[in-house]
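Residue numbers (UniProt numbering), protein chains in the order written: chain Y, 1 to 419; chain G, 1 to 292.
Just so you know, even glycine gets a beta-carbon here, dropped at the ideal spot from N, CA and C.
Owing to the predicted nature of the structure, the values given are computational and were not obtained by experimental measurement.
Structure, as structure tokens:
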């Protein structure tokens, strides 16, 4: 190499380095490590964003979902949070209240048509936005219901409590199934409040009083809650559902193997069931227990950490990720519900007439956010324990009263969580 | 003197072996289940759990789960990280803790008893109680590396190694063992003019094989199973150990076959390490009564 060439090369390298340095680095954490499809999609969005402009460069670090929240909390303690991070919807108020997140400075006109469950709002401000939502449904087979003369419910006319209960008894009496209904009791943790608090809400109760968010009194131990608790306990006493000792293997495979007639399950499990039963599969709405049918809302969402020195850059990335093509890519890749109709139309499963389109309708019409309060993370665990105890035969009134005391004590310890 | 009836002795032996085999089977069955399941597809794995087929390599057997596990997570990297962190910590720990124990047992200095008591008292403090203060501390510590002076140890191997080099249990094991060594040996060496370092290196440590094996295995297990600490201090995948890596396999739709394949793979270094040191470990347990 001649000296001139060497100098030219050096100048070119310097120019390139200067160009690269002009992009400000934004760190981002994501919970999807271990899911190859999800990782490919998020990496694709990051690469597209980095190439689309010259001001910002996002650097992605993926974490396994099971340990993600603990990693974020430890990093917050150490003052080591990234610029962009994702957060599970019901946890968001806690992270905002704890000072981990700052309000999300994006153009809210962009998310006007998003499903309500994807918008992470707390204290009157938007903190996070989801690229998808999730929903649960009563999954069953058309042939089961027809064979036993059970009406197929619709969004407009869901099962009533009496109708639902009678259907379960009919299915049990047929002797065709180990249990008529699988609630997924083997899935502990967030599944309990996500999947079962909507039953309580449909009865007219709730985990906490949403008027004030300063107590659970009346909401979790009022007449409606007690009525729910007694019905809940009766499901187990009458052997209509497997109990808390359900084998996880049965939760995974029981419905497909014909052990259960109906499975209360999420859209993430729908593809396997559709592959097994095809057009015989039914995704039915939640029953109406008296106060309208309800399912849980909110999944993972993106936000900006409170310590980010470049919130405008972080917001620019999040806005970029909200394009329909990426929303559709997530849906096609991992079966999640796209947050907009236009994105749903671009997907295989959620477009009009698609095999899972009903989940979009469920999200739109039945979804209700879990209590939007920093105290939810504690209340959810208390609620989970109370439901497990009642399922195992504990006195309903005493258990709900004790749960209320525990939730209220936590709220008091935290000076009302800012409410 | 009563004679032992040979037929009774045979019966007793048979019963003893039967009990031992039963206990061995109870201990080994989870491992057999893990390894056998790692070769089965998920649906078969789950349906087999209700019968003895769960322990038999029957049905649709393949290496698919292993291939999928390598696809899902950087398994080699995680095993390398854990083995590196564990090996370095074990070596440093044996050196530092044996030196400390040597000083406590053979050197006479004011306050040694009190200091040893304080060190032993740390045995009753669970790691979880000091995890957060330790995190805040390591986050401020200086380090001189190839790129000069920096502050904060997060995202590194050293943050997973150095806080665990010295610990009360290992020092206690060495202290107990050194106290049983004949004092005359040490005193004679001193009279002959040997330095303390020479006594440590040429006399005490060559006699410490069993305690070295015990301490090494106990430390190995603690370090190899680290989960909470690396979760808190390592955010980059490059430095993640095997137990944090296990979380890669717990997705919404769990791939149980891949989980079993991953567990089988990460168990191999533990078994290899144990088999290398098992003779010394067993003799150490027999002589000290310390259980792992």
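Pick helix, strand or coil for residue i, following the three-state DSSP scheme.
| i | result |
| --- | --- |
| residue 40/G | coil |
| residue 169/Y | helix |
| residue 304/Y | strand |
| residue 4/Y | For residue 4/Y, the pLDDT reaches just 47, beneath the cut-off of 50, and the residue's location in the model is therefore unreliable, leaving the point undetermined. |
| residue 134/Y | coil |
| residue 261/Y | strand |
| residue 428/Y | The requested residue 428/Y does not occur in the structure, where chain Y is confined to residues 1 to 419. |
| residue 17/Y | Low confidence applies to residue 17/Y: its pLDDT is 47, below 50, so where it sits in the model is not reliable enough to give any reading. |
| residue 25/Y | strand |
| residue 235/G | coil |
| residue 323/Y | coil |
| residue 284/Y | strand |
| residue 229/Y | helix |
| residue 274/G | helix |
| residue 241/Y | coil |
| residue 254/G | coil |
| residue 266/Y | strand |
| residue 110/G | coil |
| residue 139/Y | strand |
| residue 214/Y | coil |
| residue 89/G | helix |
| residue 160/Y | strand |
| residue 71/G | helix |
| residue 411/Y | helix |
Given a cut-off of 9 Å, decide if residue j and residue i are closer than it, judged by their beta-carbon atoms.
| i | j | result |
| --- | --- | --- |
| residue 41/Y | residue 319/Y | no |
| residue 37/G | residue 196/G | no |
| residue 216/Y | residue 74/Y | no |
| residue 139/Y | residue 236/Y | no |
| residue 78/G | residue 242/G | yes |
| residue 182/Y | residue 264/Y | yes |
| residue 390/Y | residue 382/Y | no |
| residue 117/Y | residue 367/Y | yes |
| residue 339/Y | residue 63/Y | no |
| residue 28/Y | residue 60/Y | yes |
| residue 237/G | residue 69/G | no |
| residue 144/Y | residue 261/Y | yes |
| residue 347/Y | residue 328/Y | yes |
| residue 89/G | residue 161/G | yes |
| residue 153/G | residue 233/G | yes |
| residue 201/Y | residue 294/Y | yes |
| residue 56/G | residue 260/G | no |
Per DSSP, which residues does residue i bridge with? Please list them.
| i | result |
| --- | --- |
| residue 368/Y | 296/Y |
| residue 126/Y | 121/Y |
| residue 62/Y | 30/Y |
| residue 56/Y | 24/Y |
| residue 143/G | 150/G |
| residue 337/Y | 133/Y |
From residue i to residue j, what distance separates their C-alpha atoms?
| i | j | result |
| --- | --- | --- |
| residue 194/Y | residue 279/G | 52 Å |
| residue 377/Y | residue 207/Y | 11 Å |
| residue 116/G | residue 208/G | 20 Å |
| residue 297/Y | residue 363/Y | 7 Å |
| residue 409/Y | residue 299/Y | 28 Å |
| residue 63/G | residue 133/G | 44 Å |
| residue 14/G | residue 51/G | 28 Å |
| residue 46/Y | residue 248/Y | 36 Å |
| residue 227/Y | residue 219/Y | 12 Å |
| residue 225/G | residue 231/Y | 44 Å |
| residue 101/Y | residue 301/Y | 12 Å |
| residue 77/Y | residue 282/Y | 47 Å |
| residue 184/G | residue 216/G | 28 Å |
| residue 181/G | residue 94/G | 18 Å |
Where does the unbroken alpha helix (DSSP H) through residue i begin, and where does it stop?
| i | result |
| --- | --- |
| residue 197/Y | 191 to 203 |
| residue 97/Y | 92 to 97 |
| residue 185/Y | Careful: residue 185/Y lies outside any alpha helix (DSSP H) and carries neither H nor E. |
| residue 104/Y | No alpha helix (DSSP H) contains residue 104/Y, which DSSP labels as neither H nor E. |
| residue 129/G | 127 to 138 |
| residue 271/Y | 270 to 277 |
| residue 179/G | 168 to 179 |
| residue 189/G | 183 to 191 |
| residue 389/Y | 376 to 391 |
Looking at the secondary structure, which residues open and close the beta strand (DSSP E) in which residue i lies?
| i | result |
| --- | --- |
| residue 180/Y | 179 to 182 |
| residue 87/Y | 84 to 88 |
Does any C-beta atom of chain C lie closer than 9 Å to the C-beta of residue i?
| i | result |
| --- | --- |
| residue 139/G | Here chain C cannot be found, since the structure's protein chains are Y and G. |
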